[in-house]
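**Q** Encoded as structure tokens, here's the structure I'll be asking about.
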Amino acid sequence: MKKNIVFSAILSFVLFFFASCYTPSPVYGTWADNSGSKITFVDDGTYTATIVNTAGVKTNYEGDWTVMENVLIFTKKSGASINTEWDIRGSMLYLDWVDDEGEIQSLVLYHISK
């Protein structure tokens, strides 16, 4: 009985230690630029995006996102996905967005809210 209590205490401590070391992704929040493009990353792994192409046409997207080191993976509700390198310098997010027609938008987005 005493061994079970000690084991439970140690296990609880280890779980608490690892849970407290969790650091949220720096991309959480809303990012936008002056042309009208905007991406909101939610901490539940979903996103909404409005991307303005070179012709000035706005397209809305939503789906799931994940980060693997310096790669952002956007999975659209349509099932398509975008894998893009990303970088944050100060409060600016740099990434390339590939729209449904295959056009690449190099985005520089400013962090406007958390």
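With positions in the sequence shown counted from 1, the corresponding number in the numbering used here is that position plus 1235. Glycine included, each C-beta is placed from N, C-alpha and C at the ideal position. None of these values were measured; they are calculated from a predicted model.
1. Check N1288 in the structure and name its three-state DSSP category.
2. Taking the alpha-carbon of D1278 as reference, which of S1260, M1327, D1335, A1267 has the nearest alpha-carbon?
3. State the start and end residues of the unbroken beta strand (DSSP E) segment that holds N1360.
4. Please report the Cβ distance between V1292 and S1270, rounded to the nearest whole angstrom; I am assuming they are in contact, meaning their Cβ atoms lie under 8 Å.
5. For the ligand ATP, any of its heavy atoms closer than 8 Å to the Cβ of I1286?
6. Could you check if I1274 is buried or exposed, using at least 16 other CB atoms within 10 Å of its CB as the buried criterion?
7. State the beta-bridge partners of G1264 as determined by DSSP.
**A** The short version:
1. Residue state for N1288 is assigned as coil, using DSSP reduced to three classes.
2. Cα-wise, what sits closest to D1278 is S1260.
3. Residue numbering for the chain in the displayed model covers 1236 to 1349; residue 1360 lies beyond these limits and cannot be assessed.
4. Not really, about 11 Å apart at Cβ, beyond 8 Å.
5. As far as ligands go, the structure on display features none, and thus does not contain the ligand ATP.
6. I1274 should be labelled buried.
7. Its beta-bridge partners are F1276.
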